[in-house]
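Residue numbers (my numbering): 385 to 492. Reading through the structure tokens given below for one structure.
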């Protein structure tokens, strides 16, 4: 998990200059929004997971706060699930948009 996260961060750093040049300077379109949701939603979700796995997010000095831990786990599950769904669906929409553009979309 840590190796995969390291590769993810490395990929972000390798492609950041191209992203700034080609994506951030481009006009706002639905494809740009989906790309950014996918790119940064995935990074945010993976960062949350890594912090939780390292014990940073769920760490408590008091062992008697069981209710807080249960609430944290429930909220963490909901947030990471939401990020995964949004990231996954943005990928699907991007692929469909590319296919539509490649196979001769009619523009009116």
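No residue lacks a Cβ here, since even glycine has one placed at the ideal position from N, Cα and C.
Alpha-carbon spacing of residue i relative to residue j, whole angstroms
i: residue 409; j: residue 415; result: 14 Å
i: residue 412; j: residue 466; result: 24 Å
i: residue 486; j: residue 477; result: 14 Å
i: residue 388; j: residue 483; result: 29 Å
i: residue 437; j: residue 420; result: 25 Å
i: residue 454; j: residue 481; result: 41 Å
i: residue 422; j: residue 440; result: 25 Å
With 16 other Cβ atoms within 10 Å as the buried cut-off, status of residue i
i: residue 400; result: exposed
i: residue 418; result: buried
i: residue 495; result: Residue 495 lies beyond the range of the chain shown here (385 to 492); nothing can be said about it.
i: residue 474; result: buried
Presumed contact (8 Å Cβ cut-off) between residue i and residue j, rounded CB distance
i: residue 464; j: residue 429; result: 6 Å
i: residue 396; j: residue 427; result: 7 Å
Which of helix, strand or coil DSSP assigns to residue i
i: residue 486; result: helix
i: residue 412; result: coil
i: residue 385; result: coil
i: residue 428; result: helix
i: residue 440; result: coil
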